[in-house]
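In this note's numbering, the protein residues as written are 5 to 281.
Backbone N, C-alpha and C fix where the C-beta goes; we use that ideal spot for every residue, glycine too.
If you're wondering where the values come from, they're calculated on a predicted model, not measured in any experiment.
As structure tokens, the structure follows; a few thoughts come after it.
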């Protein structure tokens, strides 16, 4: 029979220790399963690591067991008679870790067929060397050099120069151009005509003896002037072009009219005429 609480306080209900132990066990098993799935814990009885030659197959996904949340604490209730303790629930077993499948062994390489023995033919006997004379023939001994430098190839010869043109004996250069004037000779007719005209003009000057002297002087002056005029009318002119040839000699060519050649022109003499080179 329950005794009423004289103080009037409502007693708090406490969780049973078995429930707390069960909740802690569930949390520990869930953490261990998670660590095993994440690879943080070594799996017992795992297959040996595959060789480096064969790639490791991806592990098969394992369904994670649902984690059972701890039972919530019961809310405080009215004081009731203490119930009989219920048996503690058996802890759930941890999910079994499925080992990764072992990689299939690599196929062994097929053995190579052994080479067939080849029958070796016996080598033909070498011919016997000719007998050497007792006294070797004298000859200059050629010294042998272990590592003689190889002679370098000579550079190609330059192409031969073109043959010189044959000498031109009629070719040269104009060295000078000169004009030559030759006065003609008087026949006397000019002096006579000039004397008459001079005397007539002198006679017009003065009177008496002065007139006579002026006439004589006019006649003499007229004769001299008439003779010079006649010579100038008979004057002839020509041009001489001097050419210095390539052999060092000089040749002169005469022209009746003024030529077009100038000093320094390169010319050639052909049949007594000057032609351009």
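Report task. Pair every Cβ in the stretch 256-275 with every Cβ in the stretch 233-244, then say whether three or more of these pairs are closer than 8 Å. Result -> yes
Query raised in the report: For residue 176, does the three-state DSSP call read helix, strand or coil?
Result: Mapped onto the chain shown, residue 176 falls at position 172. Note: residue 176 maps to strand in three-state DSSP.
**Report entry** Residue nearest to residue 202 in terms of C-alpha spacing, selected from 256, 208, 270, 226
**Finding:** Position 198 of the chain shown, counted from the first residue, corresponds to residue 202. Of the listed residues, the one whose Cα sits closest to residue 202 is 226.
Query raised in the report: If we call anything under 8 Å between Cβ atoms a contact, is residue 231 one with residue 198?
Result: Position 227 of the chain shown holds residue 231. Position 194 of the chain shown holds residue 198. A contact, by the Cβ cut-off of 8 Å.
Requested in this report: Give the C-beta separation of residue 272 and residue 281 to the nearest angstrom, bearing in mind that I take them to be a contact with Cβ-Cβ under 8 Å.
Outcome: Locating residue 272 in the chain shown gives position 268, where the first residue counts as 1. Locating residue 281 in the chain shown gives position 277, where the first residue counts as 1. Rounded, the Cβ-Cβ distance is 5 Å, consistent with contact.
**Report entry** Reference residue 233; option with closest CA among 42, 170, 168, 187
**Finding:** Sequence index remark: in the chain shown, residue 233 carries index 229 (1-based). It is 187 whose Cα lies nearest to the Cα of residue 233.
Query raised in the report: Span of the beta strand (DSSP E) holding residue 239?
Result: Walking along the chain shown from the start, residue 239 turns up at place 235. Careful: residue 239 lies outside any beta strand (DSSP E) and carries neither H nor E.
Query raised in the report: Given residue 275, which residues of its chain have a CB within under 6 Å of its CB, disregarding the five upstream and five downstream residues?
Result: Taking the chain shown and counting its residues from 1, one reaches residue 275 at position 271. Nothing meets the Cβ criterion.
Query raised in the report: What does DSSP give as the partner residues of residue 280 in its beta bridges?
Result: For the purposes of this step, residue 280 is taken as residue 276 along the chain shown, with counting starting at 1. DSSP lists 271 as partners of residue 280.
Query - Alpha carbon of residue 34 to alpha carbon of residue 42, nearest angstrom - result: In the chain shown, residue 34 corresponds to position 30, counting from 1. In the chain shown, residue 42 corresponds to position 38, counting from 1. Cα-Cα distance, rounded: 12 Å.
Query raised in the report: By how many angstroms is the C-alpha of residue 44 removed from the C-alpha of residue 22?
Result: For the purposes of this step, residue 22 is taken as the residue at position 18 of the chain shown. For the purposes of this step, residue 44 is taken as the residue at position 40 of the chain shown. Going from the Cα of residue 22 to the Cα of residue 44 covers about 30 Å.
Query raised in the report: Shortest alpha-carbon distance to residue 269 belongs to which of 258, 173, 247?
Result: Residue mapping note: residue 269 aligns to position 265 of the chain shown, counting from 1. Looking at the Cα atoms, 247 is the closest of the given residues.
Query raised in the report: In this structure, does DSSP put residue 183 in helix, strand or coil?
Result: Taking the chain shown and counting its residues from 1, the one referred to as residue 183 is at position 179. Strand at residue 183.
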